[in-house]
Amino acid sequence: MGENPSREDSTSVIRVRPAREADIAAVAAILVEGFRSKFEAAFDERVDRAESVVARTLALGASRGLAGLFVAELEGRVAGTVALRRQSDPDVPEWDSAGILFSELGLWGGLRAMFYFSLLDQPCGRQEVYVSDVAVAAPLRRRGVGQALLHHAEKVARTWSKSALVLDVTAQNEAARQLYRRLGYTEQRLRRSLLARWLLKEGEWVRMRKDLT
Ligand SMILES: CC(C)(COP(=O)(O)OP(=O)(O)OC[C@H]1O[C@@H](n2cnc3c(N)ncnc32)[C@H](O)[C@@H]1OP(=O)(O)O)[C@@H](O)C(=O)NCCC(=O)NCCS
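My numbering applies: residue 35 is where the sequence shown begins, and numbers increase by one.
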C-alpha cells in the first residue's frame, strides 16, 4: 500500500504507512495509553504488563508482515495507529496469543484477560472492512492524525474492493463518535451488554458504518 501524505499545516505533514516491526513498541504504547481503562479492567493490578502483552501479540503478526496494521507519522515519530481486517483474514492462532497472556499474567490472570477481551470481539460482513484500534498519542491529538488514519483506511478498503467500513465505538466516547460522524460514518445500532458494563465498566457500543461510493 502506498504512503499517504496529508498536509496538517504549512510545516508538518502526516504520513500514513503500513506498520513495520520497528514500530511495534510505539504502537503498543499508543494503544495502551488510548485504551487505558480497558486494559485496567482486563489486567487489574497487572496493568503494568499491558504494553508488553500488546507488543508481543502484535509481533505474532510479523510473519504476515503485520498485515492490516498502519501507523501515522507526524514530525518523524509514530503518532497514531489503526488496524483493518477483512472477514477472510486468518486469525492469529488463539493458542499463541493465549500463551502470551499466561506467561505475562499467570494462568488465572490470563484466563480473565482472555474472557474480558472476548467481550469486545465483533464480526464484520464479507463486503466490509472492520476498523479497530484507532488511537493517537495524547500529546498529538487534535492535529488531524485520526482523520488521516481513517482516510487511509478508506483507500485500503477500496484497494481490497470492499464497499463499506464498519466499527464499534463505546457509546460514551464522544470524541471518537464526533470524529467518525465528521468523516461520514452513520450510527447503525446500539449494542448493550450488562456483563461488559459490570466487568469493563463500559456496556454500550455504537456500530458505525461508512458506505464507499
Ligand atoms: C479519537 C482519537 C483517535 C481522535 O484522534 P485525533 O488525531 O485527535 O483526531 P483529529 O485531530 O483527526 O480530529 C478530527 C475531528 O474529530 C473530532 N474530534 C477529535 N477529538 C475530539 C474531541 N476530543 N472532542 C470533540 N471532537 C473531537 C473533531 O471534529 C476534530 O476536528 P477539529 O479538531 O477540527 O475540531 C483520539 O482522541 C484518541 O486516540 N482517543 C483515545 C483512543 C480512542 O478512543 N479511539 C477510538 C476508539 S473507537
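Cβ atoms here follow ideal geometry from the backbone N, Cα and C, with glycine treated the same way.
Between residue i and the rest of its own chain, which residues show a CB-CB distance below 7 Å, the 5 nearest in sequence each way excluded?
{"i": "residue 89", "result": "58, 59, 62"}
{"i": "residue 228", "result": "237"}
{"i": "residue 191", "result": "163, 199, 246"}
{"i": "residue 151", "result": "76"}
{"i": "residue 85", "result": "62, 63, 66"}
{"i": "residue 130", "result": "94"}
{"i": "residue 172", "result": "67"}
{"i": "residue 72", "result": "234"}
Pick from the options: whose alpha carbon is nearest that of residue i?
{"i": "residue 87", "options": "122, 143, 247", "result": "143"}
{"i": "residue 211", "options": "243, 118, 192, 230", "result": "243"}
{"i": "residue 67", "options": "115, 99, 51, 94", "result": "115"}
{"i": "residue 80", "options": "99, 137, 205, 105", "result": "137"}
{"i": "residue 47", "options": "113, 54, 53, 95", "result": "113"}
{"i": "residue 277", "options": "99, 117, 94", "result": "The displayed coordinates of the chain run from 35 to 247. Any statement about residue 277 would go beyond what the structure contains."}
{"i": "residue 226", "options": "220, 153, 184", "result": "153"}
{"i": "residue 91", "options": "140, 149, 110, 135", "result": "135"}
{"i": "residue 184", "options": "195, 194, 174, 165", "result": "165"}
{"i": "residue 123", "options": "141, 194, 54, 73", "result": "194"}
{"i": "residue 230", "options": "54, 222, 215, 149", "result": "149"}
{"i": "residue 110", "options": "174, 217, 133", "result": "174"}
{"i": "residue 187", "options": "93, 217, 208, 207", "result": "217"}
{"i": "residue 104", "options": "215, 172, 56", "result": "56"}
Under 8 Å Cβ to Cβ from residue i, same chain only, skipping five residues before and after it: list those, please.
{"i": "residue 245", "result": "197, 198"}
{"i": "residue 119", "result": "102, 158, 163, 164, 166"}
{"i": "residue 146", "result": "76, 78, 139"}
{"i": "residue 219", "result": "199, 201, 242, 243, 244"}
Could you name the residues of the same chain whose beta carbon sits closer than 6 Å to that of residue i, not counting the 5 residues immediately before and after it, in chain order?
{"i": "residue 180", "result": "170, 213"}
{"i": "residue 232", "result": "none"}
{"i": "residue 202", "result": "156, 239, 241"}
{"i": "residue 160", "result": "121"}
{"i": "residue 182", "result": "40, 48, 50, 106"}
{"i": "residue 205", "result": "238, 240"}
{"i": "residue 54", "result": "none"}
Give the DSSP bridge partners of residue i, in chain order.
{"i": "residue 198", "result": "162, 245"}
{"i": "residue 34", "result": "This structure cannot speak to residue 34, because the chain is shown only from 35 to 247."}
{"i": "residue 240", "result": "203, 224"}
{"i": "residue 115", "result": "105, 169"}
{"i": "residue 146", "result": "Beta-bridge pairing links residue 146 to no other residue."}
Rounded to whole angstroms, how far is the Cβ of residue i from the Cβ of residue j, which I believe are closer than 8 Å?
{"i": "residue 70", "j": "residue 77", "result": "In fact, because the Cβ distance is near 10 Å, the residues do not count as touching under 8 Å."}
{"i": "residue 75", "j": "residue 189", "result": "The Cβ separation is near 34 Å, so there is no contact."}
{"i": "residue 102", "j": "residue 126", "result": "Their Cβ separation, rounded to whole angstroms, is 11 Å, which puts residue 102 and residue 126 out of contact at 8 Å."}
{"i": "residue 108", "j": "residue 52", "result": "No, residue 108 and residue 52 are not in contact; Cβ-Cβ is about 17 Å, not under 8 Å."}
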